[in-house]
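Number of protein chains: 2
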Amino acid sequence: MVNAGAMSGSGNLMDFLDEPFPDVGTYEDFHTIDWLREKSRDTDRHRKITSKSKESIWEFIKSLLDAWSGWVVMLLIGLLAGTLAGVIDLAVDWMTDLKEGVCLSAFWYSHEQCCWTSNETTFEDRDKCPLWQKWSELLVNQSEGASAYILNYLMYILWALLFAFLAVSLVRVFAPYACGSGIPEIKTILSGFIIRGYLGKWTLLIKTVTLVLVVSSGLSLGKEGPLVHVACCCGNFFSSLFSKYSKNEGKRREVLSAAAAAGVSVAFGAPIGGVLFSLEEVSYYFPLKTLWRSFFAALVAAFTLRSINPFGNSRLVLFYVEYHTPWYMAELFPFILLGVFGGLWGTLFIRCNIAWCRRRKTTRLGKYPVLEVIVVTAITAIIAYPNPYTRQSTSELISELFNDCGALESSQLCDYINDPNMTRPVDDIPDRPAGVGVYTAMWQLALALIFKIVVTIFTFGMKIPSGLFIPSMAVGAIAGRMVGIGVEQLAYHHHDWIIFRNWCRPGADCVTPGLYAMVGAAACLGGVTRMTVSLVVIMFELTGGLEYIVPLMAAAVTSKWVADAFGKEGIYEAHIHLNGYPFLDVKDEFTHRTLATDVMRPRRGEPPLSVLTQDSMTVEDVETLIKETDYNGFPVVVSRDSERLIGFAQRRELILAIKNARQRQEGIVSNSIMYFTEEPPELPANSPHPLKLRRILNLSPFTVTDHTPMETVVDIFRKLGLRQCLVTRSGRLLGIITKKDVLRHMAQMANQDPESIMFN
Amino acid sequence: MVNAGAMSGSGNLMDFLDEPFPDVGTYEDFHTIDWLREKSRDTDRHRKITSKSKESIWEFIKSLLDAWSGWVVMLLIGLLAGTLAGVIDLAVDWMTDLKEGVCLSAFWYSHEQCCWTSNETTFEDRDKCPLWQKWSELLVNQSEGASAYILNYLMYILWALLFAFLAVSLVRVFAPYACGSGIPEIKTILSGFIIRGYLGKWTLLIKTVTLVLVVSSGLSLGKEGPLVHVACCCGNFFSSLFSKYSKNEGKRREVLSAAAAAGVSVAFGAPIGGVLFSLEEVSYYFPLKTLWRSFFAALVAAFTLRSINPFGNSRLVLFYVEYHTPWYMAELFPFILLGVFGGLWGTLFIRCNIAWCRRRKTTRLGKYPVLEVIVVTAITAIIAYPNPYTRQSTSELISELFNDCGALESSQLCDYINDPNMTRPVDDIPDRPAGVGVYTAMWQLALALIFKIVVTIFTFGMKIPSGLFIPSMAVGAIAGRMVGIGVEQLAYHHHDWIIFRNWCRPGADCVTPGLYAMVGAAACLGGVTRMTVSLVVIMFELTGGLEYIVPLMAAAVTSKWVADAFGKEGIYEAHIHLNGYPFLDVKDEFTHRTLATDVMRPRRGEPPLSVLTQDSMTVEDVETLIKETDYNGFPVVVSRDSERLIGFAQRRELILAIKNARQRQEGIVSNSIMYFTEEPPELPANSPHPLKLRRILNLSPFTVTDHTPMETVVDIFRKLGLRQCLVTRSGRLLGIITKKDVLRHMAQMANQDPESIMFN
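Residue numbers (the UniProt record's numbering), protein chains in the order written: chain A, 1 to 760; chain B, 1 to 760.
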């Protein structure tokens with residue numbers, strides 16, 4: 001019952017020659033892949049292996065290896081991503097401290113490592129160990145005083161400038177794709193776009209190195225987003241080792257989805273959150289098999305990172321938090337306020353950052369990327385140094401803000417006035433009045449907040465690797481901690497107020513300012529990225545308990561609603577639009593009442609559709625058509641009169657087939673007839689040898705009728721991953737809709753410039 | 001540019017009459033819905049609300065309410081599902097203890113609650129409090145001795161029989177759909193099938209009550225699967241309150257997916273695991289919006305359950321576990337062995353259970369469901385009572401097996417010989433030689449294992465609510481604990497062996513038998529259900545730490561591989577096939593080289609396809625066609641000669657339209673011409689008034705060419721949720737492929753009986 005002779009689905013190109021000519025089935029740079037066709041090709045490959053595996057033991061083993069290669073790739077990705085993340089963490093640690101001083105015993109030790117080896121490791125003296133010397137101590141032998149301060153200040157700025165200059169130069173010279181967070185581009189690539197070199201080996205190497213440099217330089221950026229890019233580069237590298245993945249753009253994207261999960265997993269130490277991030281934010285086609293493998297890759301990466309143990313505390317997570325008191329219903333109000341703040345911050349950041357990036361693209365500003373980086377770094381360093389909360393690295397800052405004030409905490413933020421009558425228990429310290437340190441800290445935090453807000457807008461989008469998870473979280477954490485301290489002091493001084501009376505007696509520990517910082521961080525991150533489930537799960541993995549999930553969720557939901565009210569796009573989608581990538585978002589709902597006939601080409605008044613006929617055009621006709629148009633493919637019809645559709649031929653394959661036939665097949669000349677039918681057409685006796693091209697004809701092109709609502713067409717494009725779709729009415733070919741047409745139509749309907757969609 | 005006059009997409013039925021006649025757009029029982037059409041209808045509804053909302057403030061508020069209704073439904077589902085789960089837990093607790101005795105102070109207290117209120121609440125005497133009386137004490141005033149034992153034995157059996165009889169009678173009389181776990185049917189319903197009453201209010205009520213009865217009766221079944229059904233009934237109930245969900249079968253299924261997540265969330269106290277379970281196992285169409293809402297519903301449900309606090313320990317999770325020692329690499333070998341065991345158990349269970357269920361369906365056995373339940377209950381009770389590990393409830397058993405032996409543990413399983421020279425630390429007890437109790441326990445556990453394996457096969461599928469999560473986990477936990485104790489004793493007595501030497505010194509706590517039980521439970525559950533990510537995440541939420549995720553994952557992966565080697569179907573898919581539901585599994589890969597032309601109807605030699613012409617058939621012709629065939633719809637073509645496709649008309653809507661026209665429109669008689677075009681056809685002067693039916697015509701039917709590979713067709717059916725698809729060649733209509741045809745073809749290709757697919 002299987003009609004094998006007629007078997008020539010979209011993936012089968014081999015009913016004529018045994019070996020397809022080279023390059024058939026590949027795509028050009030900046031083009032969109034055809035998911036159905038990739039899937040079909042993979043099934044063909046799989047069928048071949050399965051049928052071969054019955055022939056001999058060797059083939060059977062090969063088929064087993066093929067089946068296992070997916071897991072092997074995941075293992076390798078996990079190992080490499082985890083290792084790179086560990087190395088980056090260690091290097092950043094060392095280089096950040098290098099800005100302040102150097103370790104005498106071994107210059108490659110960071111401040112903390114240097115003082116570990118020192119003998120005086122009592123808790124109080126940990127920060128002052130003789131082996132660690134500030135630059136002023138080393139150079140002019142002064143540790144205090146104005147001149148020492150100025151010297152250290154200068155050294156700080158110099159190192160920052162050096163790191164930033166090195167980073168931007170490396171990116172410019174070796175790997176221009178290494179800049180930015182990479183997530184917008186990865187989203188586009190995963191949706192089926194080709195950007196050659198974006199996930200290449202050079203990008204991997206340069207991004208890893210420059211990431212260390214820029215993070216150490218103290219710029220307001222994080223390593224989390226770029227780590228996703230680095231992990232995807234690893235994924236791309238390993239998938240190129242296995243023909244199953246290297247030769248199939250669809251399968252390769254399954255590996256990349258898993259790699260993205262591994263990237264987030266190592267960035268936060270949150271494997272489940274990483275998988276959900278990949279599912280929710282990054283991936284386009286995410287079958288359940290990939291879910292399982294992503295989970296595996298994310299776990300391997302997390303455990304590799306843990307065995308490297310860069311933080312020296314065998315914790316998996318970036319910010320480990322442990323709170324001792326529950327939260328109370330009345331606290332939901334400040335939590336929701338923080339959510340509103342997060343939403344507003346998200347909106348402000350996206351608008352300002354996009355406006356600034358557009359200006360960079362369109363004005364002369366974009367011509368001096370090195371200068372821009374140097375200037376921003378200099379300003380950042382100059383303003384950051386005097387304030388202790390901006391001088392320290394942003395992850396340390398967040399960590400400090402998240403922390404609950406224990407009894408042994410020496411930080412300025414924990415400078416509360418203790419009741420002398422009270423013995424100090426280790427946990428469960430009651431709310432106390434704030435001391436001088438806390439008030440100073442509040443001022444410094446307020447300044448740090450303004451500084452971070454402004455400088456992050458200008459930093460994200462420069463020609464260096466830059467993530468915005470950490471800066472966003474920092475903004476939220478600062479705001480949250482300030483609100484938290486405010487509520488705490490209010491509750492301490494006014495515990496007879498009706499809102500506090502029920503849950504905040506004197507002597508009780510009722511408000512945890514660290515929790516507010518965490519809630520604020522989640523809200524701000526949510527406002528910028530519009531993540532939902534993955535955000536809450538990542539935060540859940542940080543705290544490790546369901547206890548605090550309700551505050552986090554309340555803030556995340558509020559922040560998303562507030563931000564969505566001002567604009568549906570998250571920062572990544574906004575950057576995708578800014579760059580004009582052909583990305584068909586799964587989350588956008590198309591609700592307009594247009595029909596396929598309104599979108600298809602040719603429009604009314606335009607010249608008719610360029611088609612091929614099945615058996616009446618010469619090679620020259622086709623070559624002229626190819627030269628005169630730049631369409632990616634041509635529908636093939638029975639004849640120009642009947643316009644009944646037979647199939648679809650890709651431009652690239654037509655060109656290759658004709659070139660190949662002219663070189664290899666005898667008797668093919670310019671006026672040879674090209675035919676797509678099974679049998680050659682009846683030709684006059686003296687006509688040249690005709691050229692059969694059935695093998696490059698896609699006999700199952702996708703068609704819709706002209707009355708199909710566009711919402712259905714959009715759905716089909718999204719779910720099946722089409723490149724183009726033909727439009728018919730009562731069996732006659734009317735026109736064609738490409739992915740670009742769909743995107744332009746959607747932009748037009750949303751009152752945006754349709755010409756902003758640049759690629760096909 | 002919007003061609004509004006011609007706007008008649010699949011969802012728009014209103015281009016002629018303002019109000020569609022009743023019942024248009026609904027589906028018959030045991031039919032499949034058309035997802036694209038449901039989606040399109042929802043978009044129409046949404047558009048209408050959005051455009052109306054600009055008219056007045058009242059309409060704007062209504063549109064806000066509509067937008068919020070999704071969250072309200074989720075909140076209500078979470079609240080009700082959590083409450084029901086809490087009530088079920090409390091009732092089961094009480095009724096399970098009722099089989100053994102009664103509380104004198106208040107008969108509605110369970111054993112534990114009874115002894116809480118008692119004054120003698122020291123730890124050792126907790127089990128013996130005077131207020132709790134065994135039946136023998138109460139009835140004949142004897143607590144020890146053979147006659148007391150026999151009396152208690154009899155009472156145990158009597159109560160079990162009473163509970164089981166009540167349950168099976170209630171199910172038979174009031175709600176036949178309340179039987180089984182419900183998950184296979186819910187999977188089918190979520191994939192787009194209609195089973196009226198399956199999620200009705202009666203089913204909800206009866207399933208809740210009978211679930212308590214059967215779990216208390218001591219049968220080898222669990223409440224976890226049925227809780228998913230109960231939660232889905234809640235979801236169905238609340239979605240019927242909002243027209244957004246009640247009138248759209250597609251939207252309703254989004255709510256049901258979230259409800260399933262809430263069900264698992266309360267079953268295990270694992271909200272994230274619940275969402276992933278819904279995503280991985282149950283749901284079919286799971287957009288990201290639903291993911292977020294499911295998470296919300298799952299959280300609300302979990303917190304509602306926690307505030308009810310049925311276990312009295314304010315723990316959210318069903319089995320809370322805390323281990324004190326890490327695992328070692330060498331232990332991976334027994335863990336993988338447990339995985340193999342789990343896979344073998346899964347295969348054995350599925351094969352035997354399906355064979356037994358098939359026998360029940362086909363022989364006289366199925367005619368006596370009450371007797372069957374009584375007999376199985378009697379046998380279960382008689383065998384279970386003498387063995388303490390089968391007498392206690394299965395969840396208590398699992399809980400005990402998971403537990404690490406602490407210093408204060410009085411259980412038989414923790415009867416180790418202590419070193420008298422050693423002081424007893426609270427945690428971190430070194431490995432010790434097993435005492436007599438442990439050896440007795442091993443024998444009893446072995447017997448319990450055999451008993452559970454056999455009896456579960458016969459229990460699952462009877463006409464009572466029955467889940468198999470708990471029995472499967474029990475089988476695995478018993479096997480795991482036995483292996484764990486074995487490894488522990490081996491390591492204790494032979495710590496000089498090379499495999500133990502590196503990690504198991506004398507006096508160290510190296511093996512945790514409880515962890516083996518947990519790994520075994522995961523492996524067995526994985527073997528039966530073939531869950532992957534959700535299984536690991538549920539287990540992760542039980543232990544609450546990433547520490548033990550690698551052993552769990554190793555066992556889950558092994559178990560899935562071993563079980564898959566013997567057959568790809570999990571127990572739920574196997575039951576779906578057994579019942580012949582039209583379920584198109586997303587996980588099955590279709591790899592055969594067939595084409596659409598091989599599957600479409602009519603086959604070669606069959607009578608031609610029944611079609612309607614656009615303007616030449618009379619009402620009578622159509623009525624005859626409808627009477628003579630039972631197709632769900634008919635393609636409409638220009639004329640029988642050209643066979644050019646215009647659209648598709650649903651049978652149900654044709655019948656309704658003709659009935660309606662005959663009643664309401666004047667001049668419609670049997671030989672009126674029916675036309676589907678915009679303009680009426682030119683008719684002879686004396687012909688009766690024609691009937692315009694364009695509004696029921698779907699102008700955008702889905703078409704594929706006859707050369708389309710079936711793998712693509714299957715993909716399209718899956719991803720777009722089609723009911724049928726028309727097959728064309730060069731614009732001519734050749735045939736039709738329905739979902740049933742696809743399923744039959746897939747069954748045939750897998751060498752199964754294609755007639756087993758029963759519904760359309």
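Think of the CB as a built atom: it goes at the ideal place given N, C-alpha and C, for glycine as much as any other residue.
For residue i, the three-state DSSP class (helix, strand or coil)
i                      : result
R644 of chain A        : strand
K251 of chain A        : helix
A521 of chain A        : helix
V637 of chain A        : strand
P465 of chain A        : strand
L625 of chain A        : helix
residue 788 of chain B : Here chain B covers residues 1 to 760 and nothing more, so residue 788 of chain B does not appear.
I737 of chain B        : strand
K692 of chain A        : strand
Which residues DSSP lists as bridging residue i, in chain order
i               : result
A434 of chain A : A:Y416
T703 of chain A : A:L726, B:T703
R593 of chain A : In DSSP, R593 of chain A forms no bridge with anything.
Cα-Cα separation, residue i to residue j
i               : j               : result
R432 of chain A : K39 of chain B  : 57 Å
G9 of chain B   : P680 of chain B : Any answer about G9 of chain B is weak, because its pLDDT of 39 lies below 50 and its placement is not dependable; what the coordinates show is given next. The alpha-carbon atoms of G9 of chain B and P680 of chain B are separated by roughly 20 Å.
E19 of chain B  : F296 of chain A : Here E19 of chain B scores only 48 on pLDDT, less than 50, and its place in the model should not be relied on; the value that follows carries that caveat. If you take the alpha carbons of E19 of chain B and F296 of chain A, they lie about 54 Å apart.
A231 of chain B : W35 of chain B  : 23 Å
V436 of chain A : C179 of chain A : 43 Å
T728 of chain A : A167 of chain A : 54 Å
N751 of chain B : H575 of chain B : 18 Å
M462 of chain B : F717 of chain B : 33 Å
L64 of chain B  : I696 of chain A : 53 Å
S730 of chain A : R644 of chain B : 5 Å
R358 of chain A : L468 of chain A : 18 Å
Under 9 Å from the C-beta of residue i: neighbouring residues of chain A
i               : result
T32 of chain B  : Under the 9 Å cutoff, chain A gives no residues; its nearest Cβ is about 18 Å from T32 of chain B.
F295 of chain B : T532, V533, V536, V537, M553
R651 of chain B : Correct list: empty, because the minimum Cβ distance to chain A is about 21 Å.
Chain B contact residues for residue i, given Cβ-Cβ distances below 8 Å
i               : result
E280 of chain A : L288, L291
I194 of chain A : By Cβ distance, chain B contributes nothing, its closest Cβ being about 22 Å from I194 of chain A, past 8 Å.
Chain A contact residues for residue i, given Cβ-Cβ distances below 7 Å
i               : result
T43 of chain B  : T591, E711
E46 of chain B  : Note that residue 46 of chain B is His in the sequence shown, not Glu. T591, listed in chain order.
R252 of chain B : Chain A residues near R252 of chain B: none, gap ~18 Å exceeds 7 Å.
G40 of chain B  : In the sequence under discussion, the amino acid at residue 40 of chain B is Ser, which differs from the Gly named in the question. Per Cβ cutoff of 7 Å: P709, E711, T712.
Nearest-angstrom beta carbon gap, residue j and residue i [assumed within contact, 8 Å]
i               : j               : result
A523 of chain A : G273 of chain A : Between G273 of chain A and A523 of chain A the Cβ distance is about 17 Å, and since that is not below 8 Å, they are no contact.
T597 of chain B : D706 of chain B : 4 Å
T529 of chain B : G570 of chain B : 5 Å
Per-residue contacts from residue i into chain D (C-beta, under 7 Å)
i               : result
I549 of chain A : No chain D appears in the structure shown, which is made up of the protein chains A and B.
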